[in-house]
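Everything below concerns the one structure shown next.
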Amino acid sequence: MDALIFPLSTLAIIVCLGALLHLQFGQAGIVNFGVVGFSGLGMYLTAILVIEAEQPFGLALVIATVVTGLVAAALGWLILDLDNEAVLVATLAFATIVWHLSTTEDQLTGGVVGLGTVPLPFDLGDYRATTLAYLGVLVAIAAALVLYARQVSRVPYGRLIRSIQDNEPLARSLGKPTFRHKVVFFAVTCALMGTIGGLDAAVQQFLVPRLLLADTTFVVWIALILGGRTRVLGAFFGALLTVGLFDIVVEQYVEVPREYSLLLPDLQLMAFGMVLMLVILFRPAGLLGDGRKRRAPGAAKGASA
Amino acid sequence: MFECDAISSGYGEVTVLHDVSFTVGAEVFAVLGANGAGKSTLMKTIARLLPLSGGSMRLDGTDVGAWAPHRFAAAGMAYVPQEANVFPDLTVAENLAIGGMIGKRPRAERLAEVMDLFPQLSARYDQSAGTLSGGEAQMVAVGRALMQDPQLLLLDEPTAGLSPKYVDELFSTIKKIQTERGIGVLLAEQNAGKTLAIADRALILNLGRVFLVEEASRVDDTTLKQGYRL
Ligand SMILES: Nc1ncnc2c1ncn2[C@@H]1O[C@H](COP(=O)(O)OP(=O)(O)OP(=O)(O)O)[C@@H](O)[C@H]1O
Ligand SMILES: [Mg+2]
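Written out as structure tokens, the structure is:
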């Protein structure tokens, strides 16, 4: 059981990021390919504030969140009226810059040597109980984010956000400053990615730049697309199928011959790629299908005129 | 009262509208012209989706020529584009609700009025707008604009793709809305005959310039023919 605490915490982190990406991509249509850039920024800022500036974890997390949000607001202001390809490239480039900084600014980040250790924000006396309680916190946050994302599509604000992605020129003539809404929405969701990254710092405890590579972004995207981008539960099931299947089931329970174990991460990415292709080809709306209300045309009665 | 004073606009370097001037009061004001005459360009310019390259426009005396579309909308402008005029992924209910974001009257009251005007929509209420027939989608688009409680309603070929029966229905609805609410309606149309029948006045555009602004009843076939000639 103890061996499961770490992968389950990672799973909860991926579900959180998936729910946030669902908000950005599934609801607002923002093609954020720099997820790890924002979570990584939050992660490193939290760690640096805790370890080097000796600030309490909570304060560090708040500062990391706010800074990540401000950075995202500036980036969003620059790119969010460009087309999808440009947003994709710019967010990917942003994540690369964050990774690069983590290696070059080594007096702050420890560079490739790493930065450690980030303590858990609370201590119940017993290590096992503490990590378990922290896992509980992460699961609660994941559940809250998923519920919020489900709820937001039903309130006027969510409707506005979806309308912007659905038909932006029309949305612009509807009495709301669409660009500003988009930037704020992006900044807030990215700030929360920073929060999640900061929480992840305490899971990882020892930070190395490798954590900021695009793998995280890909896993979150794969999870979202597997589950279906219009369904927030899709992010949850997608995360179960990716991180859950590989990092938990395969790593913990499957006997992998020693000579193959080094290949496992590559095999994992290959399998993700294959599954992703199959999903896009055969279930473009995701394994769960399209979550939107949509009756078949003509299914409603009495509409003939 | 909405006024355009010698406005010019276009797309990037290309100027499509040249020195267009007219005023719209509480009336149905028809915007006519051949394909490519610049009707849609005029509507987009008024809706603030295209910048002015010359001239000015005022709503009740306030210069609105540099406003963002959402600001003009909040001040009473509602725009129904010729194409892509609904939110296809949103349901009919959501399309209408999103029009109701602005305006002061209770939303339920406005919704009831729209459903009165377009009773066919009630059976489609939870269906996504992208799956509606062309005519139903037009009703949603016009209904959404009405939810905004506009002072100035811009309709760009709302009857495009509708069967003649629907065209007549929609035109009488537009006329009814205009007289009941005393608002200004700019109605861009291809079909001059039916449009002139409900319009108070008409503007004929020819190659982006004003060919004529006249009482609708005084626009005869010869004038139309001249106005539509390229
Ligand atoms: N996005 C655009 N970029 C460049 N030129 C454009 C664009 N849209 C329209 N035009 C040009 O502007 C002119 C006027 O087009 P507009 O759409 O305003 O005509 P219209 O009167 O609405 O025609 P229709 O009756 O076919 O709808 C045309 O010559 C057209 O080629
Ligand atoms: Mg047109």
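Residue numbers (the numbering used here), protein chains in the order written: chain A, 1 to 305; chain B, 306 to 535.
No residue lacks a Cβ here, since even glycine has one placed at the ideal position from N, Cα and C.
Per-residue burial, glycine 366/B [other beta carbons within 10 Å of its own, 16 or more giving buried]
The residue given as residue 366/B occupies position 61 in the second sequence. Exposed, since its Cβ has fewer than 16 Cβ neighbours within 10 Å.
Output yes if chain B places a C-beta closer than 8 Å to the C-beta of aspartate 83/A; else output no.
One-based indexing of the first sequence puts residue 83/A at position 83. Cβ-Cβ to chain B under 8 Å: no for aspartate 83/A.
For lysine 176/A, decide whether its Cβ has a neighbour in chain B, counting only Cβ atoms nearer than 8 Å.
Taking the first sequence and counting its residues from 1, the one referred to as residue 176/A is at position 176. True, the Cβ-Cβ gap to chain B drops below 8 Å.
Report the neighbours of tyrosine 533/B on chain A: residues whose CB is nearer than 9 Å to its CB, in chain order.
Here residue 533/B corresponds to residue number 228 of the second sequence, with the count starting at 1. Ordered by position in chain A, no residue passes the 9 Å Cβ test against tyrosine 533/B, which lies about 28 Å from the chain.
Under 7 Å from any heavy atom of ligand 1, does the C-beta of serine 345/B make it?
By 1-based counting over the second sequence, the position of residue 345/B is 40. Within the cutoff, so yes.
Just list the residues that DSSP pairs alanine 363/B with in beta bridges.
Numbered from 1 along the second sequence, position 58 holds the residue referred to as residue 363/B. Checking the displayed sequence, the identity of residue 363/B turns out to be arginine instead of alanine. Its beta-bridge partners are Glu308/B, Asp368/B.
Reducing DSSP to helix, strand and coil, say where phenylalanine 334/B ends up.
What you label residue 334/B is simply residue 29 of the second sequence in a count that begins at 1. It is a strand residue.
Compare the C-beta of valine 15/A against all C-beta atoms of chain B and say whether one is closer than 8 Å.
Numbered from its first residue, the first sequence carries residue 15/A at position 15. Taking Cβ atoms only, chain B never reaches closer than 8 Å to valine 15/A, which makes this a no.
Using beta carbons (cut-off 8 Å, strictly below), is proline 169/A in contact with chain B?
By 1-based counting over the first sequence, the position of residue 169/A is 169. Yes, contact with chain B.
Considering Cα atoms alone, identify which of Leu426/B, Arg410/B, Ile509/B, Thr350/B is closest to glycine 439/B.
Residue numbering aside, residue 439/B sits at position 134 when the second sequence is read from its first letter. For the residues Leu426/B, Arg410/B, Ile509/B, Thr350/B, the minimum Cα distance to glycine 439/B belongs to Leu426/B.
Please identify the residue among Ile280/A, Ala191/A, Pro284/A, Pro265/A whose C-alpha is closest to the C-alpha of valine 62/A.
By one-based count along the first sequence, residue 62/A stands at place 62. Taking only the C-alpha atoms, the option nearest valine 62/A is Ala191/A.
Between the beta-carbon of phenylalanine 307/B and the beta-carbon of glycine 489/B, is there less than 8 Å?
Working through the second sequence from its first residue, we reach residue 307/B at position 2. Working through the second sequence from its first residue, we reach residue 489/B at position 184. Closer than 8 Å, so yes.
On a CA-only basis, which of Leu241/A, Arg258/A, Val256/A, Leu267/A is nearest valine 320/A? Give me that one, please.
There is simply no residue 320/A to check, as chain A begins at 1 and stops at 305 in what is shown.
Report yes if the C-beta of alanine 342/B is less than 7 Å from at least one heavy atom of ligand 1; otherwise report no.
Within the second sequence, the letter at position 37 stands for residue 342/B. Within the cutoff, so yes.
Report the residue ranges of all alpha helix (DSSP H) runs contained in full by the region 465-496 of chain B; include only those spanning at least 4 residues, in chain order.
469-486
Could you please give me the residues that DSSP links to phenylalanine 327/B through a beta bridge?
For the purposes of this step, residue 327/B is taken as residue 22 along the second sequence, with counting starting at 1. For phenylalanine 327/B, which the question treats as bridged, DSSP gives the partners Cys309/B.
Have a look at alanine 305/A and valine 445/B and give me their C-alpha separation to the nearest angstrom.
Counting from one through the first sequence, the residue named residue 305/A turns up at place 305. Counting from one through the second sequence, the residue named residue 445/B turns up at place 140. Low confidence applies here, because alanine 305/A scores a pLDDT of 33, under 50, leaving its location unreliable; read the following figure in that light. Answer to the nearest angstrom: the Cα atoms are 15 Å apart.
Residues in its own chain within less than 7 Å of alanine 497/B by CB, not counting five upstream and five downstream?
Within the second sequence, the letter at position 192 stands for residue 497/B. Leu337, Leu529.
Note down the Cα distance separating proline 121/A from glutamine 205/A, rounded to an integer number of angstroms.
Position 121 of the first sequence holds residue 121/A. Position 205 of the first sequence holds residue 205/A. Rounded to whole angstroms, proline 121/A to glutamine 205/A spans 11 Å at the Cα level.
So for alanine 389/B, helix, strand or coil by DSSP?
Your numbering for residue 389/B matches position 84 in the second sequence. Three-state DSSP puts alanine 389/B in coil, outside helix and strand.
Counting only beta-carbon separations shorter than 8 Å, does arginine 295/A have a partner in chain B?
Here residue 295/A corresponds to residue number 295 of the first sequence, with the count starting at 1. With a pLDDT of only 40 at arginine 295/A, under the threshold of 50, the placement of this residue in the model should not be trusted; the figure read from the coordinates follows. At least one chain B Cβ lies under 8 Å of arginine 295/A.
Spatial distance of arginine 162/A from leucine 457/B (CA atoms)
Position 162 of the first sequence holds residue 162/A. Position 152 of the second sequence holds residue 457/B. Spanning the two alpha carbons is a distance of roughly 26 Å.
So does glutamate 494/B have its beta carbon nearer than 7 Å to some heavy atom of ligand 2?
Residue numbering aside, residue 494/B sits at position 189 when the second sequence is read from its first letter. Flag unset: Cβ of glutamate 494/B not near ligand 2.
Should arginine 159/A be flagged as near chain B, meaning a C-beta pair shorter than 8 Å?
Translated into the one-based positions of the first sequence, residue 159/A becomes position 159. Interface residue, yes.
Cutoff 8 Å: arginine 231/A Cβ touching any chain B Cβ
Reading the first sequence from its first residue, position 231 is the one you call residue 231/A. Answer no: the Cβ-Cβ gap between arginine 231/A and chain B never drops below 8 Å.
For histidine 323/B and chain A, any beta-carbon pair shorter than 8 Å?
Counting from 1 along the second sequence, the entry for residue 323/B is found at position 18. False, the Cβ-Cβ gap to chain A never drops below 8 Å.
Considering only residues of the same chain and omitting the five flanking positions on each side of isoleucine 196/A, which have a CB-CB separation below 8 Å?
As a working mapping, residue 196/A is identified with position 196 in the first sequence. Counting only Cβ-Cβ distances below 8 Å, and skipping sequence neighbours, we find Ile13, Cys16, Leu17, Leu20, Ser39, Gly42, Ile141.
Grab the span of the beta strand (DSSP E) containing asparagine 340/B for me, first residue to last.
Position 35 of the second sequence holds residue 340/B. No beta strand (DSSP E) contains asparagine 340/B, which DSSP labels as neither H nor E.
Best match in Phe33/A, Val249/A, Gly114/A for proximity to glutamate 85/A [C-alpha to C-alpha]:
Looking up residue 85/A in the first sequence gives position 85. For the residues Phe33/A, Val249/A, Gly114/A, the minimum Cα distance to glutamate 85/A belongs to Phe33/A.
For the structure I just gave you, are there three or more beta carbon pairs, one from the region 369-381 of chain B and one from the region 168-179 of chain A, closer than 8 Å?
yes
For leucine 262/A, count neighbouring C-beta atoms within 10 Å of its own C-beta (all shown protein chains included) and say buried if the count is 16 or more, exposed if not.
As a first step, residue 262/A must be located in the first sequence, where it is residue number 262. That one is exposed.
Taking only three categories from DSSP, how would you classify threonine 320/B?
The residue you call residue 320/B lines up with position 15 of the second sequence. DSSP places threonine 320/B in strand when its eight states are reduced to three.
Helix, strand or coil at serine 261/A [DSSP, three-state]
The residue given as residue 261/A occupies position 261 in the first sequence. DSSP places serine 261/A in helix when its eight states are reduced to three.
Outcome for glutamine 151/A when other beta-carbon atoms lying within 10 angstroms are tallied against a minimum of 16:
The sequence position of residue 151/A within the first sequence is 151, counting from 1. So glutamine 151/A ends up on the exposed side.
Please return the same chain residues whose Cβ sits closer than 7 Å to the Cβ of threonine 500/B, not counting the five positions on each side in sequence.
The sequence position of residue 500/B within the second sequence is 195, counting from 1. Taken in chain order, the residues that qualify are Ala335, Leu337, Leu492, Glu494.
Within a Cβ cutoff of 7 Å, which residues of the same chain sit near leucine 288/A, ignoring the five residues on either side of it in sequence?
Here residue 288/A is taken as the residue at index 288 of the first sequence, counted from 1. If we look at leucine 288/A and ignore the five residues flanking it on each side, its Cβ neighbours are Gly227, Gly228, Arg231, Leu233, Gly234, Phe237.
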